[in-house]
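Residue numbers (my numbering), protein chains in the order written: chain B, 157 to 473; chain R, 157 to 473. All C-beta atoms, glycine included, are put in the ideal place defined by N, C-alpha and C. These numbers were taken from a predicted model, which means no experiment stands behind them.
2 protein chains.
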Amino acid sequence: MKAKYAIGIDVGGTNTKFGVVNRNGEILIQDRIKTNEKENVEGFIEVLAEKLQPMIDQFGGPEAFVGIGMGAPNANYYQGTIEYAANLKWKGIIPMADIMEEKFKIPTKLTNDANAAAVGEMQYGVAKGMKNFITITLGTGVGSGIIIDGNIVLGFNGFAGELGHVIVRNGGRLHKGTGLKGALESYASATGVRDTAIELLQSNPDIPSLLRSFTIDELTSETVFKCAEQGDKLANEVFEFTGKILGEALATFVLFSAPEAIVLFGGLTKAGDLIMKPTRQAMEENLLQVFKNQVKILYSTLNEADAAILGASALVW
Amino acid sequence: MKAKYAIGIDVGGTNTKFGVVNRNGEILIQDRIKTNEKENVEGFIEVLAEKLQPMIDQFGGPEAFVGIGMGAPNANYYQGTIEYAANLKWKGIIPMADIMEEKFKIPTKLTNDANAAAVGEMQYGVAKGMKNFITITLGTGVGSGIIIDGNIVLGFNGFAGELGHVIVRNGGRLHKGTGLKGALESYASATGVRDTAIELLQSNPDIPSLLRSFTIDELTSETVFKCAEQGDKLANEVFEFTGKILGEALATFVLFSAPEAIVLFGGLTKAGDLIMKPTRQAMEENLLQVFKNQVKILYSTLNEADAAILGASALVW
């Protein structure tokens with residue numbers, strides 16, 4: 157029997173989503189588990205197997221599968237490992253590809269979750285047909301995947317494309333996870349938007365704002381978005397500031413790899429023009445003439461769960 | 157007769173260097189002309205032909221050559237053009253590959269001068285055998301060439317790798333050539349070092365410095381270097397500051413493509429540890445854990461003229 161299917165698994169900080177995908181990029185069945193339900197990786201594999209093994213059996217057993225593709229934070233494609241992932245309970249270096257192959261008897265490839273999303277975007281999404289583009293996830297954190305000449309950029313150690321950690325404000329906000337100061341992720345993420353809102357509220361005590369009626373726990377990027385939509389001046393400034401920083405960073409990325417497009421996804425993109433207008437403006441202002449008005453900023457059209465599963469599965473074809 | 161030779165041509169802002177290269181990377185003969193002696197590109201070609209045509213004839217005529225490789229500012233590999241080069245007299249878009257082929261009857265490939273230098277470094281220099289590295293030229297300006305998986309990064313429009321124009325200080329120094337504010341080139345270049353020295357002298361009128369005995373015209377990056385070597389505090393601060401900015405920028409580049417090494421050349425590297433110590437320190441401070449103490453900073457061992465000619469010639473093999 158010729159192997160017909162791939163398994164795509166997206167290991168996130170909260171949920172792990174997985175599904176069986178055919179060669180046309182259709183997800184035939186999918187499910188999810190909590191990533192951190194168990195303390196260690198052995199426990200995770202057991203919980204995963206309870207749901208994944210029946211899927212494998214249903215589609216014809218291990219022989220029916222070309223492979224398992226897995227996207228995970230801090231995953232190393234070359235080594236098949238997950239290394240020191242800050243958002244997972246598993247500490248140190250986890251030989252995930254080996255563990256998976258032993259458990260499910262299917263060859264397994266691993267890559268950074270953001271890289272997997274970029275591959276999904278190239279094969280099935282808005283970047284279909286493009287050879288040079290960058291995907292940026294603006295979620296709780298900032299992830300990125302870089303495609304050059306149709307390939308994921310992995311670099312000499314497999315950890316290339318960590319654009320969320322690029323310094324955009326020297327000596328700026330401290331990132332507790334990395335210890336870096338002024339990194340993009342500290343500004344252009346849901347957490348960053350919240351921090352900017354708090355900073356602006358505190359440094360402008362005389363400016364009235366709808367944001368002042370929320371408790372610190374209620375103040376999220378969504379709250380800021382809703383207030384901005386209602387015309388709140390400070391809330392709008394939060395997105396102006398966030399967009400400016402993001403746009404400046406995008407200009408740097410363009411100068412590096414000359415992408416045809418930058419594909420954005422993640423929660424922050426829901427703010428639409430509120431964030432995209434200042435982003436685009438700041439990007440264009442910081443570009444050399446040869447790049448001006450040439451680089452598209454696009455929104456992903458795949459839903460997030462699908463993109464992650466499809467991207468991971470695309471690793472094995 | 158099987159073609160045995162390549163011609164490498166490096167078009168610089170001041171000089172154009174060219175030579176005949178064999179498959180072992182030996183420059184068999186070389187010469188140079190002034191790039192801007194004539195007003196237009198036709199004049200340039202005539203002056204070039206006076207010296208290059210005899211070389212071609214000496215080695216057996218056009219049939220003896222695989223091709224001409226040309227490195228030039230603002231050169232586009234895909235189009236074979238030089239486009240709006242700020243440092244050349246030729247305005248607009250110059251179809252240089254076509255012009256050369258018509259004149260010398262030898263196939264011609266063109267790329268950015270910094271990309272050509274990177275290829276030279278990979279084939280014959282300190283990056284021999286490396287698949288992932290970045291070259292940075294710290295001269296009058298800042299040029300760069302990025303190699304990923306053994307290939308030059310060109311991007312969708314052929315202009316990738318313009319790292320000298322990355323913004324490193326928001327709202328910082330105005331770059332007259334590009335109109336950009338706070339670009340790396342405005343700091344980590346010979347011009348930038350001079351500007352930093354002037355700024356520091358003016359903002360610290362009470363601090364004595366050897367630099368104060370020079371006229372504004374005498375104040376160059378070399379003057380600053382000589383004073384720093386003699387222990388001058390302000391002159392040392394100039395290199396501390398320059399190195400800090402350069403190192404921060406290098407950290408950004410590492411996060412992008414995870415290079416095995418960064419290869420530096422150009423005049424500023426002569427300042428040695430004065431600039432490299434703060435550069436390395438700032439780079440390491442701004443790197444994620446997975447990159448710390450992993451990326452080499454190397455000096456080019458090729459002399460500049462050779463690297464440029466060799467790199468350009470390597471385009472055609």
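Three-state secondary structure (DSSP) at residue i?
i              : result
residue 187(B) : strand
residue 322(R) : coil
residue 452(R) : strand
residue 426(R) : helix
residue 161(B) : strand
residue 351(R) : helix
residue 254(B) : helix
residue 176(B) : strand
residue 385(R) : helix
residue 457(R) : coil
residue 239(B) : strand
residue 357(R) : helix
residue 244(R) : coil
residue 344(R) : coil
residue 309(R) : coil
Can you give me the C-alpha to C-alpha distance between residue i and residue j, rounded to a whole angstrom?
i              : j              : result
residue 160(R) : residue 455(B) : 51 Å
residue 378(R) : residue 376(B) : 53 Å
residue 162(B) : residue 465(B) : 10 Å
residue 385(R) : residue 275(R) : 34 Å
residue 449(R) : residue 415(R) : 12 Å
residue 290(R) : residue 399(B) : 29 Å
residue 432(B) : residue 426(B) : 10 Å
residue 292(B) : residue 396(B) : 18 Å
residue 265(B) : residue 248(B) : 19 Å
residue 294(R) : residue 171(R) : 17 Å
residue 388(R) : residue 365(R) : 6 Å
residue 304(B) : residue 422(B) : 22 Å
residue 339(R) : residue 321(R) : 5 Å
residue 201(R) : residue 374(R) : 35 Å
residue 372(B) : residue 405(B) : 28 Å
Between which two residues does the beta strand (DSSP E) holding residue i run?
i              : result
residue 392(R) : Counting along the chain, residue 392(R) falls outside any beta strand (DSSP E), though it belongs to the alpha helix (DSSP H) covering 389-413.
residue 224(R) : 221-228
residue 469(R) : Note, residue 469(R): premise wrong, no beta strand (DSSP E); alpha helix (DSSP H) at 460-470.
residue 417(B) : 417-421
residue 371(B) : Where residue 371(B) is concerned, there is no enclosing beta strand (DSSP E), given that its DSSP letter is neither H nor E.
residue 301(R) : 298-304
residue 289(R) : 289-294
Leaving out five residues on either side along the sequence, give the residues of the same chain with a beta carbon under 7 Å from the beta carbon of residue i.
i              : result
residue 245(B) : 192, 195
residue 230(B) : 238, 239, 240, 241
residue 283(B) : 277, 289, 417, 419
residue 257(B) : 263, 264
residue 223(B) : 162, 262, 263, 264, 265, 472
residue 357(B) : 365, 367, 368, 390
The alpha helix (DSSP H) that contains residue i, what's its start and end?
i              : result
residue 430(R) : 429-441
residue 202(B) : 197-214
residue 276(R) : 269-280
Say whether chain B places a C-beta atom closer than 9 Å to the C-beta of residue i.
i              : result
residue 477(R) : What the structure shows of chain R is the stretch from 157 to 473, and residue 477(R) is not part of that stretch, so it cannot be assessed.
residue 229(R) : no
residue 210(R) : no
residue 446(R) : yes
residue 286(R) : yes
residue 205(R) : no
residue 165(R) : no
Does any residue of chain R have a CB that is nearer than 9 Å to the CB of residue i?
i              : result
residue 437(B) : no
residue 420(B) : no
residue 395(B) : no
residue 239(B) : yes
residue 389(B) : no
residue 449(B) : no
residue 404(B) : yes
residue 464(B) : no
residue 413(B) : yes
residue 381(B) : no
Please return the same chain residues whose Cβ sits closer than 6 Å to the Cβ of residue i, not counting the five positions on each side in sequence.
i              : result
residue 407(R) : 439, 442, 443
residue 487(B) : Nothing about residue 487(B) can be read from this structure; chain B reaches only from 157 to 473.
residue 319(R) : 300
residue 430(R) : 384, 395
residue 468(B) : 164, 165, 166, 225, 226, 227, 272
Give me, in chain order, the residues of the same chain whose beta-carbon lies closer than 8 Å to that of residue i; leave out the 5 immediate sequence neighbours on both sides.
i              : result
residue 173(B) : 165, 166, 186, 187, 188, 461, 464, 465
residue 218(R) : 212, 260, 261, 262
residue 410(B) : 418, 439, 443, 447, 451
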